[in-house]
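Residue numbers for the sequence shown, in our numbering: 10 to 336.
A virtual CB, placed ideally from N, CA and C, is assigned to each residue, including glycine.
Bear in mind the structure is a predicted one, so any value in this text is a computation, not a measurement.
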Amino acid sequence: MYLSPAYVTVLESTLRQLGYDASEFARTYSEPLREKDLYDLCCRAVDISHGHAELPLLVGTGFHLGTHGLFGHALMSCQTLRQAARILVRYNPINGDKGRVQVVFADESVVVSYFPAFSVPGAPNFLTDLFFSAVSTALRELIGRHLETAQLELSYTPSIPEERYSDIVGIPTTYGHLANRLIGPADVLDRPLPAAHISTADAYLRQCEKLLQRMEESHGYQNIVRRLLMTSRSSLPNAAEIADKLNMSPRTLRRRLLDEGTSYQAIVNEVRSYLACEYLRDTDISVSEIGVLLGFEDISNFRNAFKRWTGVSPRDYRRQARQAEST
């Protein structure tokens, strides 16, 4: 899986804001990064900044949802915080191949423990700081408010005061614990996410525009319907809801699309097929999670639909795409 090029842009920008020369990043990392490049990227950043303690925290605050590319699109398509949090911690590219995230649900709380993939020389907790700061930023944008009721516990003692650390990540933080973990209230997990929250909506629409530009171009009402489907969050609107948005009856919409040689269901299948292929190729999100994101409650229904669209199973498609990448 590739890392979003925007990650390098955020890191470069943060280094410059701290007064360091980051010009080498644009030259060295001009191509999309693979997960194996993450270690080298972190080491170079620490070397340039002389181990600046706030660097990974500030970089994490710059990882807005739109920064994550297709991974961010998946997060912004979730219906609840539980679904988004599961994807965020399980498939976060920052984890790397060897990083591990453990999520435990207690009676009244959810505990996210992080075990980094590697230690950076000169800043051994760089990845942990980056992970929790980035997760905090994503969760804050998804729910539209700060996480005052959450708490972050660290097993180490950073060289900045607890108050300063807490201010940067937006979560009360304390040092000297047995493990690195984020603890939050469980009662917010199944609340619907605020789909119209402005800071998230803008990023979502920008990502949708990029996806639309990469899809096969079409004109007329089918293009309008496709755009409405792509920019709808959480669930795809039905034909009646699309018709209502266009100020026409469902029958009129059906006739207009028929005149263009297509139908509402054909466009829905096209959008679902395209997004499924993108998720399978460019993220590590599981097949079942992708099915849920696309509105399939039964994984077998998703598998059957995907094979009908593409001629292969989701698992085979992902395997073939990864093999093509490596050649």
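Return helix, strand or coil for residue i, following the three-state DSSP convention.
i: F34; result: helix
i: F114; result: strand
i: R200; result: coil
i: R324; result: helix
i: T137; result: helix
i: T23; result: helix
i: T292; result: coil
i: H73; result: coil
i: A83; result: helix
i: G300; result: helix
i: P170; result: coil
i: T261; result: helix
i: D268; result: helix
i: Y273; result: helix
i: I310; result: Correcting the residue identity first, residue 310 is Asn in this sequence and not Ile. It is helical.
i: L97; result: helix
i: E287; result: helix
i: T240; result: coil
i: P246; result: coil
i: A62; result: coil
With C-beta atoms as the reference, is residue i less than 8 Å away from residue j?
i: A147; j: L97; result: yes
i: G131; j: V55; result: yes
i: L74; j: Y174; result: no
i: A159; j: G193; result: yes
i: I294; j: A15; result: no
i: T289; j: A333; result: The sequence shown places Leu at residue 289, rather than the Thr named in the question. Cβ distance not < 8 Å, so L289 and A333 don't count as in contact.
i: V121; j: F72; result: no
i: F311; j: S322; result: no
i: I339; j: L161; result: The chain is shown only over 10 to 336; residue 339 falls outside these bounds and no answer can be derived.
i: Y165; j: N134; result: yes
i: V119; j: V112; result: yes
i: L50; j: T23; result: no
i: L202; j: A275; result: no
Kindly identify the DSSP beta-bridge partner or partners of residue i.
i: V129; result: A132
i: T183; result: E162
i: R109; result: F124
i: V119; result: F114 and G193
i: T89; result: P201
With 16 as the cutoff for other CB atoms within 10 Å, does residue i come out buried or exposed?
i: A249; result: exposed
i: A285; result: buried
i: Y123; result: buried
i: S32; result: exposed
i: D30; result: exposed
i: P125; result: buried
i: R324; result: exposed
i: T58; result: Going by the sequence as given, residue 58 is Ser instead of Thr. With 16 or more other Cβ atoms within 10 Å, it is buried.
i: Q231; result: buried
i: I207; result: Residue confidence is low: I207 scores 45 on pLDDT, short of 50, so the model does not pin down where it sits. No coordinate-derived value is stated.
i: D116; result: exposed
i: R149; result: buried
i: H186; result: exposed
i: V17; result: buried
i: P102; result: buried
i: N313; result: exposed
Since residue i and residue j are thought to touch, with beta carbons under 8 Å apart, how far apart are those beta carbons, to the nearest angstrom?
i: T89; j: D199; result: 5 Å
i: E269; j: G229; result: 5 Å
i: V280; j: R235; result: 6 Å
i: I308; j: G300; result: 5 Å
i: L262; j: I251; result: 6 Å
i: Y100; j: F80; result: 7 Å
i: L163; j: N189; result: 5 Å
i: V277; j: L245; result: 6 Å
i: V178; j: F141; result: 6 Å
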